[in-house]
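Visitor:
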Amino acid sequence: MTVEQFPKDFLWGGAVAANQLEGAYNEDGKGWSVQDVTPHGGFGPITKEPTEDNMKLVGIDFYHRYKEDIKLFAEMGFKTFRTSIAWSRIFPNGDETEPNEAGLKFYDDLFDELLKYNIEPLVTLSHYETPLHLAKEYDGWVNRKMIGFYENYVRTVFTRYKGKVKYWLTFNEINSIIHAPFMSGGIATAPENLTQKDLYQAVHHELVASALATKIGHELMPEAQIGCMVLAMPTYPLTPNPDDVIAAMEAERKNYFFSDVHVRGVYPGYMKRFFRENAIELDFGPEDEELLKNTVDFISFSYYMSSTETADESKRVAGEGNILGGIPNPYLEASEWGWQIDPKGLRIVLNDFWDRYQKPLFIVENGLGANDKLITDEYGNKTVNDDYRIDYLNDHLVQVGEALKDGVEVMGYTTWGCIDLVSASTAELKKRYGFIYVDRYDDGTGTLERYKKKSFSWYKEVIETNGTSL
Ligand code: BG6
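Just so you know, we're using this note's numbering here: the sequence shown kicks off at 45 and counts up by one.
1) Cβ of GLY413 versus every heavy atom of the ligand BG6: is any distance shorter than 6 angstroms?
2) Whole angstroms are fine: how far does the CA of GLN269 sit from the CA of VAL307?
3) Beta carbon of SER350: closer than 6 angstroms to some heavy atom of the ligand BG6?
4) In chain order, what residues of the same chain lie with their CB nearer than 6 angstroms to the CB of ARG391, ignoring the 5 residues before and after it?
5) In three-state terms, what does DSSP make of ILE419?
6) Measure the alpha-carbon distance for GLY88 versus VAL289 and round it to whole angstroms.
7) Buried or exposed for ILE222, going by 16 or more other Cβ atoms inside 10 Å?
8) At the level of alpha carbons, what is the spacing between ASN217 and LYS417?
9) Would you mind giving the Cβ-Cβ distance between GLY192 and ALA232, rounded to the nearest angstrom? I have them listed as a contact below 8 angstroms.
10) For LYS337, does the count of other Cβ atoms within 10 angstroms reach 16, so buried, or fall short, so exposed?
11) Is there a Cβ of chain C sitting closer than 7 angstroms to that of ASP287, yes or no?
12) Give the DSSP-derived three-state secondary structure of VAL340 in the structure shown.
13) Where does the unbroken alpha helix (DSSP H) through SER254 begin, and where does it stop?
14) With GLY58 as the anchor, note down where its alpha helix (DSSP H) starts and where it stops.
15) State buried or exposed for GLU66, treating a residue as buried only when at least 16 other CB atoms are found within 10 Å of its CB.
16) Nearest-angstrom Cα distance between ASN237 and PHE406?
17) Roughly how many angstroms separate the alpha carbons of HIS84 and PHE106, rounded to a whole number?
18) Relative to the C-alpha of ASN410, which candidate in ALA59, TYR481, ARG320 and ARG484 has its C-alpha closest?
19) CB-CB under 6 angstroms to THR470, same chain, minus the five flanking residues each way: which ones, in chain order?
20) Closer than 6 angstroms by C-beta to THR127: which residues in its own chain qualify, once you throw out the five before and the five after it? Chain order, please.
21) What number of angstroms, rounded off, separates the C-alpha of SER379 from the C-alpha of PRO225?
22) Can you list the alpha helix (DSSP H) stretches of 4 or more residues lying completely in the segment 148-231, in chain order?
23) Kindly examine the ligand BG6 and report whether one of its heavy atoms sits closer than 6 angstroms to the Cβ of ASN216.
24) The ligand BG6 and LYS475: does any heavy atom of the ligand fall closer than 6 angstroms to the residue's C-beta?
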C-alpha cells in the first residue's frame, strides 16, 4: 500500500487465550477448567480428570516464560496483546466469595510486563475456560446462578486491574455456545440431551451477564472500553435462488442475534419469531430487560472463513472448519485443516457490521493454522519459511485497508496465536499460528525453546510502517 490507510493509533498486535498457552494448570491454587478435561479439543470426549495426553496442561509454559515472550512481542512492535484471564486461577471453583490472591498476582505481573513495553493489554474475561466445578455442579450457563458467579469474578478483576487494563471483552465468541455448549458455555448436559429451551436460556444468561459486566465496568472504570466478541462468518447463498438467499440470511441471523443484543440492547424481532415458532419460552428476571440496555463500546470479532448456505437439502454437504462448519464454497481454497480462505470476506464482514451498527470494530482473531517445518538457515539459525502465513495475513490486511477506504472504523487487528499454542478445536500443537515457533510436539516432547519464523520480521515491518508495507 503506498498510501497510509491505517489510523495513527491503530492497535496492532497478537491474541492468545490463557488455557491454550499458560500451562501450569494446577499451580498456585488454580482450579480445573473445562479445558483441563477435554484432551482432544472442544468437540472431543470429556474425561473425569486431567489426563497426560492433554497438551493444554503444559501449553507452551507461558505461565513461567511470559517475560521472554513479551520481549519478543515488543520487538515486533506490538501496540496491544490480547489474552484472557483464566477464571479458575481467580476463583478455583467459581462459586467462592473470596478470590485466590496468587492468581490475581500472576495477572498483575503479566500486565505490568506488557505496560513496561507500552503494550496495551486487551483482556477476554471468559475464553472457553469456565471453572469445571461450575459445569459439574450447576450445568454451566443453563443455571441463572452463573450470572452472580460471573459478576463476582468480573467485579474482582475490574477492581484489581482498573489502572492497568483499558480494553475488555466479555465472552470469547459468545455465539459459539450453540455449537459447543460444554467448551463455550460450561454446559455439562450432553448436546443430545440438551433442550433448545435450556440452550437459549443459557444464551440469555450469558447476554445478561455480559451487559451486567459492561455496566459494572463502566461504573468502576470510566475510561474503559468494553466490547462483545463474536465469531464472524459471512454466509453467501450457494446460488441466486431467493430460497438460498433467505437460507443465507437466516444463517447470518443466528450470529447477528448476539451482536444485535449487545449493540442495540433488545432482542431482535427475528429471534422472537424463532422462539415463538419453536415454542421456546425464556425466563426473564425482573431486571433483565433494563440490564440488556447496557450496550457495548465496540464490537470485536474473530474471522477465519466465510461459508455458504442453501435451501436445497440435496446440495447440503458438511464442510470442515471452525466451530460453525458450513457448506464449502467452490470458489475458495482451504487450509490444511479444511478452513476455507477468503480475505475478501473480511472486507464484507467489516462493512456489514459497520453499516448495521456504526460502532468501532476490532478484529481480535485472524490467522492461518499450518503444520510448520523448523529448518536451520544458512547462518545456522533455526526458523520456519512461512511464506504461506505471510501471504494469508497480507491478503487479509489488504482487505482491512479496503474497508478503511470504504469508511469503516477499525480500532485494531490482533493475529490469532501470535506465538504457537494449543489448538482449541483439536488440542494439537502441530496446528501452528505463530510468528514465533515453540519447540514442543503433540507427543509431549520438545525443549520449549522459541524461534522466530520468517513472518516475525514481516509483521514487524507492517507495524513499523503502519501498514504501508503491505
Ligand atoms: C477461535 C477461538 O475459534 O479460533 C480460539 O477463539 C481458537 O480459541 C481459534 O484457537 C483457532 O481455532 P483452532 O481450533 O485452530 O485453535
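Quick reminder that beta carbons are idealized off the backbone N, C-alpha and C, glycines included.
Guide: So, from the data block:
1) yes
2) In a straight line, the C-alpha of VAL307 is about 14 angstroms away from that of GLN269.
3) Checking every heavy atom of the ligand BG6 against the Cβ of SER350, none is found closer than 6 angstroms.
4) These residues qualify, in order along the chain: GLN443, GLU446 and ALA447.
5) strand
6) 33 angstroms
7) buried
8) Looking at the sequence provided, one finds Glu at residue 217 rather than Asn. In this model, GLU217 and LYS417 are separated by some 30 angstroms (Cα to Cα).
9) Wrong, their Cβ atoms sit about 19 angstroms apart, outside the cutoff.
10) exposed
11) Absence of chain C from the displayed structure is noted, only one protein chain being present.
12) coil
13) 240-264
14) Careful: GLY58 lies outside any alpha helix (DSSP H), inside the beta strand (DSSP E) at 55-59.
15) GLU66 should be labelled buried.
16) 36 angstroms
17) 20 angstroms
18) ALA59
19) Cβ neighbours of THR470 beyond the five flanking positions: GLY85.
20) Within the same chain, THR127 has close Cβ partners VAL60.
21) 26 angstroms
22) 176-182, 189-205 and 225-229
23) yes
24) yes
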